[in-house]
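S.K.: I'd like to ask you about the structure that follows.
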Amino acid sequence: MAEEANDTFSAAIAELVRECEKYRDDQSTDREKVNEFYDGDTQAYIPEQEGRSKVVSRDIRSVTKKVLPSIMRVILGGDKIVEYLPVQRGDEEKAEQATDYVNNVVFPESNGRVAVQDAINDALKLRNGILYWWYDKKITVSVSRHTGLDEMSLVQLVSDDDVAVLEADQSTMQVDTPQGPQEVPVYNVKIRRREEQGLTKVRAIAPEEFLIHPDALDIDESPMVGINKRLRRTDLVAMGYDRDLVWGLPEAKAKDDSEEESRRREIFSHGNDVVKSMQEVEYYELYVRIDEDEDGIAELRRMVYAGGIRDEFQLENEEWDEVPFADVTCERRPHQREGHSLADDGMELQVIRTVLLRQTIDNLYWQNNQQPIVREGAITNPDAVLTPTFGKPIRVADDVPDVRAVLGWTQIPMVADQSFGMLEYLDRELSERTGITDAAGGLAPDALQNVTAKASALMEQAGVGQTELMVRTIAGNLVKVFKGLLKLTVKHQDKPRTVRLRDKWVDFDPRTWNANMDAKVNTGLGAGTRERDMMAMNVVNTLQEKLLLAFGAIDNPFVTPDNLYMAIDKTVLSAGLPSSLPYITKPTPEAIQKAVQAKQGKTDPEMEKIKAKAAADQAKAQSDAQIEKMKLDNQLIIEREKLAAEMNLKRYQIDQEMQLKRQQNAIQIMTREQPTPVHIGGEPG
452 MAEEANDTFS
462 AAIAELVREC
472 EKYRDDQSTD
482 REKVNEFYDG
492 DTQAYIPEQE
502 GRSKVVSRDI
512 RSVTKKVLPS
522 IMRVILGGDK
532 IVEYLPVQRG
542 DEEKAEQATD
552 YVNNVVFPES
562 NGRVAVQDAI
572 NDALKLRNGI
582 LYWWYDKKIT
592 VSVSRHTGLD
602 EMSLVQLVSD
612 DDVAVLEADQ
622 STMQVDTPQG
632 PQEVPVYNVK
642 IRRREEQGLT
652 KVRAIAPEEF
662 LIHPDALDID
672 ESPMVGINKR
682 LRRTDLVAMG
692 YDRDLVWGLP
702 EAKAKDDSEE
712 ESRRREIFSH
722 GNDVVKSMQE
732 VEYYELYVRI
742 DEDEDGIAEL
752 RRMVYAGGIR
762 DEFQLENEEW
772 DEVPFADVTC
782 ERRPHQREGH
792 SLADDGMELQ
802 VIRTVLLRQT
812 IDNLYWQNNQ
822 QPIVREGAIT
832 NPDAVLTPTF
842 GKPIRVADDV
852 PDVRAVLGWT
862 QIPMVADQSF
872 GMLEYLDREL
882 SERTGITDAA
892 GGLAPDALQN
902 VTAKASALME
912 QAGVGQTELM
922 VRTIAGNLVK
932 VFKGLLKLTV
942 KHQDKPRTVR
952 LRDKWVDFDP
962 RTWNANMDAK
972 VNTGLGAGTR
982 ERDMMAMNVV
992 NTLQEKLLLA
1002 FGAIDNPFVT
1012 PDNLYMAIDK
1022 TVLSAGLPSS
1032 LPYITKPTPE
1042 AIQKAVQAKQ
1052 GKTDPEMEKI
1062 KAKAAADQAK
1072 AQSDAQIEKM
1082 KLDNQLIIER
1092 EKLAAEMNLK
1102 RYQIDQEMQL
1112 KRQQNAIQIM
1122 TREQPTPVHI
1132 GGEPG
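For the working numbering, count along the sequence shown from 1 and bump the result up by 451.
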């Protein structure tokens, strides 16, 4: 706890620290419980019984390990994790430089990937992960030996003010010169080099080291935010603080340490300087909003204390530009700083599942190892029954007619198989609560057999929905981190730096960059599966191809060279490769202009092929139309001739019938008979 202060200002700081420490300590019980459930150490919550199953279900660990790889792949899987965006005219080129420099130099050097992964892991388990970024300026001391130096080399080696000679000896060595062999002096030295090194760093803060006011709804609006941890005196001196001041600070008091840690601290409690340098001191790095100059407006100040919150223990006190901490949460809670974790959803189910698993296994144990029922004195070697081994006989007394009369087994009902349905229900309930399904972490090869493609897609979309929301929430949290890294880079890098980027040496000078540029964390195409991302990019590539064929590659209003390169880059990333640089080269504007001018001077063979094919298709269509017209004309002529022939035949038939009728009527008149009717055109019916 913070030491009492003597003056009003330090007293106010000490009171804020006490409130923050109390809030942190109150939450430590929940953190310890979650870590115990994650590690399967649930003895305090699900007591084990002697002789019974002690199995522990690890549902919290299971869902965390299932979703963490997907989140890490989407956020940190590409080579361009963050992009900086211009905020005013003229920032475009500098924004591209800042993007390349932070992604390829600052973030890797600061060990950012490990820090982000640790913070996401804390968020999944403990509701909030805390990221902290700073410019680490330390003094390092190294000792080295150098032998066989000539006088000029020795002078160059020890001319630096930060080099101290510890040992030196001189000898002679014979060398060949134009004047003949000569003896020249050579030197062997042992030196100590004291160097001051600075590096931008980011790391995940352990929750037990983080201080924040209990009333805070946001880190930036908290009256106090800071770090409380223990550092050795040598670490404080390496950070640049005065040795005499550090040696006068009180040693940290013992907390609830283990016996081993207490003994270790006693070893370093002696008075000699060698041991005292390893003693631990309570260290506070605080970012406080306080009106120190009494102008009515609270300013953000960075205050560093060691040994307690007192004026004499204050190491730094200066105005500051931002709070270098960021919360990382996987699920937000409205109007609260703390998020919602997977452990909040799964701990209750882990208890139920553990109890059910233990009872199920106990029942199986009883089935496989039944309890014997023995008549006392009837079996001469009872150990064969109590501790049976394969092939060992059971001997009964001579007066026992039937062994079944003296030896039996308890019959325990088999109920373990009825537990499997309950276990499946608990799996579904855990998926419903957390939103983490097999689709979020990868399906078994036969998981979707006999399932339609549409049903499979709906299942997959539902499975990755919660993961996608987590990714977008985490990406939003990381924006502040990358903006902070840019500010530190602009603030502390006081000279240009040459780095190797894309197989070229590039100069970067952050001093001219706008430190307030916006940042965007790339999350790829979403938090879905790799196959889903590939399908989406295939649709984009197909659409671009059609637009290029329709409007041409030169001055295409829909697809530019930058659009093409971006689509290719995203396709490579969605395939799981970290970068497209080894496979595709991004063309420069000059190269694009040169290619356009070259194409304007000659006909594109591919376009000629397309035009020739279109002309051939048109000619073929015209020929087919003419042939079809000729067929129709011929058919019409045939039909017309056929109709004329039928008319002539009909007319001939009618003439013959009329002549026959006249002849019949003449005969009947001569014979005075009744005339026979003749039907023109044939008999009716």
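Glycine residues also receive a C-beta, built at the ideal position from the N, C-alpha and C atoms.
1. Which residues does DSSP list as the beta-bridge partners of H664?
2. Please state whether the Cβ-Cβ distance between Q924 and I526 is less than 8 Å.
3. Going by other Cβ atoms of all chains shown within 10 Å of its Cβ, with 16 needed for buried, is Y496 buried or exposed?
4. What did DSSP end up calling Q1119 once you bin it into helix, strand or coil?
5. Which two residues bound the contiguous alpha helix (DSSP H) that contains M523?
6. Based on DSSP bridge pairs, tell me the residues matched to K641.
7. For the stretch 950-1026, which segments carrying the beta strand (DSSP E) assignment without a break, of at least 3 residues, lie completely within its bounds, in sequence order?
8. Output the boundary residues of the beta strand (DSSP E) element that contains F776.
9. Per DSSP, what are the beta-bridge partners of Q648 in this structure?
10. Can you tell me where the alpha helix (DSSP H) with A794 in it begins and where it stops?
11. Do the stretch 591-605 and the stretch 639-655 meet, that is, are 3 or more Cβ pairs less than 8 Å apart?
12. Go through its chain and collect everything with a Cβ distance to I748's Cβ below 8 Å, but skip five positions before and after it.
13. Please name the residue in G759, M754 and G758 whose C-alpha comes closest to that of N768.
14. Considering only the alpha carbon of each residue, which of E750, L700, Q648 and R684 lies closest to M675?
15. Tell me whether R540 sits in a helix, a strand or coil according to DSSP, three-state version.
16. Tell me which same chain residues have a C-beta within less than 8 Å of the C-beta of A570, skipping the five on either side of it?
17. Use the C-beta contact count for A1067: other C-beta atoms within 10 angstroms, 16 or more gives buried, fewer gives exposed.
18. Only counting the same chain, and skipping five residues up and downstream in sequence, which positions put a Cβ closer than 7 Å to that of D958?
19. Taking the alpha helix (DSSP H) that I824 falls in, what are its first and last residues?
20. Does the structure place the stretch 807-818 close enough to the stretch 531-541 that three or more beta carbon pairs sit under 8 Å?
21. Please name the residue in G541, F776 and G677 whose C-alpha comes closest to that of I464.
22. With DSSP as the reference, label V932 as helix, strand or coil.
23. Skipping 5 residues on each side, what residues in its chain have a beta carbon closer than 7 Å to that of V507?
24. Less than 8 Å between the C-beta atoms of F933 and V553, yes or no?
25. Out of E1059, Y1016 and L1028, which one is the CA nearest neighbour of P1038?
26. What do you get for I1118, buried or exposed, if any count of 16 or more other CB atoms within 10 angstroms of its CB means buried?
27. Within 10 Å of its beta-carbon, does F871 have 16 or more other beta-carbons around it, so buried, or fewer, so exposed?
28. Is there a C-beta anywhere in chain C that falls below 8 Å from the one on E483?
29. Excluding sequence positions up to five away, which residues of its chain have a Cβ less than 6 Å from the Cβ of K545?
30. Report yes if the CB atom of I511 is closer than 8 Å to the CB atom of M798, and no otherwise.
31. If distances are taken between C-alpha atoms only, which option among Y474, E1097, D772 and V972 comes closest to A926?
32. Who are the near neighbours of M873 in its chain, counting only those whose CB is closer than 7 Å to its CB and skipping five residues on each side?
33. Might you give, ordered along the chain, the residues of its own chain that have their beta carbon closer than 6 Å to the beta carbon of V614, omitting 5 neighbours on each side?
34. Of the residues T1122, K505 and G759, which one's Cα is nearest the Cα of E702?
35. Which residue marks the beginning of the beta strand (DSSP E) containing N768, and which one marks its end?
36. With 16 as the cutoff for other CB atoms within 10 Å, does N457 come out buried or exposed?
M.R.: Judging by the given coordinates:
1. Indexing the sequence shown from 1 puts residue 664 at position 213. Residue pairing of H664 in beta bridges, as defined by DSSP: absent, with no partner found.
2. In the sequence shown, residue 924 corresponds to position 473, counting from 1. In the sequence shown, residue 526 corresponds to position 75, counting from 1. The sequence as given places Thr at residue 924; Gln does not occur at that position. Inclusion of T924 and I526 in the CB contact set at 8 Å is not warranted, their separation being larger than that value.
3. Residue 496 sits at position 45 when you count from the first residue of the sequence shown. The residue in question, Y496, is exposed, as its Cβ has fewer than 16 Cβ neighbours within 10 Å.
4. Counted from its first residue, the sequence shown places residue 1119 at position 668. The three-state secondary structure of Q1119, taken from DSSP, is helix.
5. What you label residue 523 is simply residue 72 of the sequence shown in a count that begins at 1. Going by DSSP, M523 is part of the alpha helix (DSSP H) stretching over D510 to L527.
6. On the sequence shown, position 190 is the one that residue 641 refers to. Bridge pairing for K641: R596 and E618 [DSSP].
7. As summarised for the stretch 950-1026, the continuous beta strand (DSSP E) elements at least 3 residues long and confined to that stretch are 955-959 and 969-972, given in chain order.
8. What you label residue 776 is simply residue 325 of the sequence shown in a count that begins at 1. Counting along the chain, the beta strand (DSSP E) containing F776 begins and ends at F776 to V779.
9. To locate residue 648, count along the sequence shown from 1; it is residue 197. Within the DSSP secondary-structure output, Q648 pairs in a beta bridge with K589.
10. Counted from its first residue, the sequence shown places residue 794 at position 343. Counting along the chain, the alpha helix (DSSP H) containing A794 begins and ends at L793 to N819.
11. The stretch 591-605 is in contact with the stretch 639-655.
12. Reading the sequence shown from its first residue, position 297 is the one you call residue 748. Within the same chain, I748 has close Cβ partners D742.
13. Indexing the sequence shown from 1 puts residue 768 at position 317. Checking every option, the nearest Cα to that of N768 belongs to M754.
14. Here residue 675 is taken as the residue at index 224 of the sequence shown, counted from 1. If we check each option's Cα against that of M675, E750 comes out closest.
15. For the purposes of this step, residue 540 is taken as residue 89 along the sequence shown, with counting starting at 1. Coil, per DSSP.
16. Taking the first residue of the sequence shown as position 1, residue 570 is located at position 119. Excluding positions up to five away in sequence, the list reads G580, I581, L582, A655 and V779.
17. Start at 1 with the first residue of the sequence shown, and residue 1067 comes out as number 616. The residue is exposed, with fewer than 16 neighbouring Cβ atoms inside 10 Å.
18. Counting from 1 along the sequence shown, the entry for residue 958 is found at position 507. Cβ neighbours of D958 beyond the five flanking positions: P947 and T949.
19. Residue numbering aside, residue 824 sits at position 373 when the sequence shown is read from its first letter. If you look at I824, you'll find it isn't in any alpha helix (DSSP H); it sits in the beta strand (DSSP E) that goes P823 to V825.
20. By the Cβ test, the stretch 531-541 is not in contact with the stretch 807-818, since fewer than three Cβ pairs between them sit closer than 8 Å.
21. Taking the sequence shown and counting its residues from 1, one reaches residue 464 at position 13. It is G677.
22. Counting from one through the sequence shown, the residue named residue 932 turns up at place 481. DSSP, reduced to helix, strand and coil, places V932 within a helical segment of the structure shown.
23. Start at 1 with the first residue of the sequence shown, and residue 507 comes out as number 56. The residues G491, T493 and T805, in chain order, have a CB closer than 7 Å to that of V507 in the same chain once the five nearest residues on each side in sequence are set aside.
24. As a first step, residue 933 is located in the sequence shown; it is residue number 482 there, counting from the start. As a first step, residue 553 is located in the sequence shown; it is residue number 102 there, counting from the start. The Cβ atoms of F933 and V553 lie closer than 8 Å to each other.
25. For the purposes of this step, residue 1038 is identified with residue 587 of the sequence shown, where counting begins at 1. Here the closest residue by C-alpha is Y1016.
26. What you label residue 1118 is simply residue 667 of the sequence shown in a count that begins at 1. Label assigned to I1118: exposed.
27. Taking the sequence shown and counting its residues from 1, one reaches residue 871 at position 420. The residue in question, F871, is exposed, as its Cβ has fewer than 16 Cβ neighbours within 10 Å.
28. Structure shown: chain C not included; a single protein chain is present.
29. By 1-based counting over the sequence shown, the position of residue 545 is 94. The beta carbon of K545 lies closer than 6 Å to those of W964 in the same chain, with the five residues before and after it left out.
30. Here residue 511 corresponds to residue number 60 of the sequence shown, with the count starting at 1. Here residue 798 corresponds to residue number 347 of the sequence shown, with the count starting at 1. Going by C-beta atoms, I511 is nearer than 8 Å to M798.
31. Taking the sequence shown and counting its residues from 1, one reaches residue 926 at position 475. The shortest C-alpha separation from A926 is found at V972.
32. Along the sequence shown, read from residue 1 onward, the residue named residue 873 stands at position 422. Contacts found: L807.
33. Position 163 of the sequence shown, counted from the first residue, corresponds to residue 614. The residues are I642 and R644.
34. Taking the first residue of the sequence shown as position 1, residue 702 is located at position 251. Here the closest residue by C-alpha is G759.
35. Sequence index remark: in the sequence shown, residue 768 carries index 317 (1-based). For N768, the enclosing beta strand (DSSP E) covers residues Q765 to E770.
36. For the purposes of this step, residue 457 is taken as the residue at position 6 of the sequence shown. In this prediction, N457 has a pLDDT of 45, which is less than 50 and means its spatial position is unreliable; what the coordinates show is noted afterwards. With fewer than 16 Cβ atoms within 10 Å of its Cβ, N457 is classed as exposed.
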